[in-house]
Amino acid sequence: MDMFLPDSLTLVALLGCFAVALVAGVVKGMVGFAMPMIMVSGLGSIVGPEWALAGLILPTLCTNGWQAMRAGPRGVWQAVVRFRVFLAVAFVMLILSAQLVSVLPARAMQVMIGLPIVAFALSQLLAYPLKLGSPPPRRVEVGVAMLAGGIGGFSGVWGPPTVAYLTALETPKRDQLQLQGVIYGLGAVALLGAHIGSGVLSTTTAPFSAALVPVALVGMWIGFRVHDRIDQVMFRRATLVVLLIAGGNLLRQGLGL
1 MDMFLPDSLT LVALLGCFAV ALVAGVVKGM VGFAMPMIMV SGLGSIVGPE WALAGLILPT
61 LCTNGWQAMR AGPRGVWQAV VRFRVFLAVA FVMLILSAQL VSVLPARAMQ VMIGLPIVAF
121 ALSQLLAYPL KLGSPPPRRV EVGVAMLAGG IGGFSGVWGP PTVAYLTALE TPKRDQLQLQ
181 GVIYGLGAVA LLGAHIGSGV LSTTTAPFSA ALVPVALVGM WIGFRVHDRI DQVMFRRATL
241 VVLLIAGGNL LRQGLGL
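Residue numbers (the UniProt record's numbering): 1 to 257.
This is the structure in structure tokens:
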């Protein structure tokens, strides 16, 4: 196998990695998030958690850039201004928590991410919606940003708290898609820098991550086409179902089931 791939990765396993990236792209294009969750859980079962984390970094960066710019640069600037406190707090927490990758057990990480995802998705699907004022209390914004950035740094997965936050604000689907692209895109830049520093993304792992980018972009193009055809109610339900499935899979892996 080529030098930029894990030694144990066979051709079939590599095709499995491409399939994971394609599915992650489709889902992200449709609901605006879940690429890191799908890639962490899917790639993690093929190449292990550290290679999975390295593998998702460049596809996440590229797809979020496309997602953020889909409605034009004006929308990007408006999103940055509106969520400047959220972005600043999450950025700092992401950089700090990235150093935990080498010390936190992989299974503990999976349970810590999966449990709150499942709890939130179930509560929403069972008609117990969480609603926040507009604008929300500053302490809520800071708290969610700390949680999202903290989880994102050591796992590459910062979507669930952010999705829960935007869903609780009852954000329209088109706006939510772009907002997620901006928030996750800036987070992806921070994640890239953090894991160059931590050594997770290196000359050994970066080519593997780059190889997944074209497949993820194709998947995202498909997902965008689906997104444009569904209404707000279907978008919200699809978002929650994706959260529930991804969270459940992370819990399963973390508990060794």
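Where is the CB? At the ideal position from N, CA and C, for every residue including glycine.
query, result
"Test item: CB-CB of Ala145 and Ala79 under 8 Å", "no"
"Reference Gly181; option with closest CA among Val47, Gly44 and Gly72", "Gly72"
"Test item: CB-CB of Val118 and Leu251 under 8 Å", "yes"
"Sequence-distant residues of the same chain with beta carbon closer than 8 Å to Pro172, five excluded per side", "Gln232"
"Check whether Pro160 and Leu58 have beta carbons under 8 Å apart", "no"
"Three-state class that DSSP yields for Ile95 in the structure shown", "helix"
"Exposure label - Gly54; buried when at least 16 CB within 10 Å", "Strictly speaking, residue 54 in this sequence is Ala, with Gly absent from that position. So Ala54 counts as buried."
"Leu191 to Ile230 span [Cα, whole Å]", "31 Å"
"Secondary structure of Met3, DSSP reduced to three states", "Residue placement at Met3 is poorly supported in this model, since its pLDDT is 41, which falls under 50; the coordinates are not used for a value here."
"Neighbourhood of Trp66 by C-beta distance below 8 Å, restricted to the same chain and skipping five residues each side", "Gly181, Leu217 and Met220"
"Secondary structure of Val200, DSSP reduced to three states", "coil"
"Rounded separation between Ile46 and Cys17 - CA only", "7 Å"
"Own chain, CB closer than 6 Å to Asn249, minus 5 neighbours either side, in chain order", "Ser41"
"Val140 to Leu43 span [Cα, whole Å]", "33 Å"
"Pro137 burial status per 10 Å Cβ neighbour count (16 or more: buried)", "exposed"
"Pro237 versus Thr167 - alpha carbon distance", "Position check: residue 237 holds Arg in this sequence, whereas Pro was assumed. Between Arg237 and Thr167, the C-alpha separation is close to 11 Å."
"6 Å Cβ shell around Tyr165 - same chain, five flanking residues per side excluded", "Val144"
"Beta-carbon separation (whole angstroms), Gly149 vs Val92, contact threshold 8 Å", "7 Å"
"Test item: CB-CB of Gly256 and Arg84 under 8 Å", "no"
"Burial state of Pro49, where buried means 16 or more other Cβ atoms lie within 10 Å", "buried"
"CB contact flag (Leu96, Gly152, <8 Å)", "no"
"Nearest candidate by alpha-carbon position, reference Ala19, set Val31, Met35 and Met30", "Met35"
"Cβ-Cβ distance between Leu61 and Ile183 below 8 Å", "no"
"For residue 261, the nearest candidate out of Ile222, Gly199 and Gly75 (CA to CA)", "Because the chain in this structure spans residues 1 to 257, residue 261 falls outside the shown range and cannot be described."
"Euclidean distance between Cα positions of Leu169 and Ile245", "23 Å"
"Closest Cα partner of Pro214 within the set Val12, Leu11 and Ala24", "Ala24"
"Close-in-space but distant-in-sequence residues of the same chain around Thr63 (CB under 7 Å, 5 per side omitted)", "Gly25, Lys28, Met35, Ala216, Leu217 and Met220"
"Nearest-angstrom Cα separation, counted from Arg74 out to Asp2", "Residue placement at Asp2 cannot be trusted, given a pLDDT of 47 that sits under 50; what the coordinates show is reported in the next sentence. C-alpha separation (whole angstroms): 43 Å."
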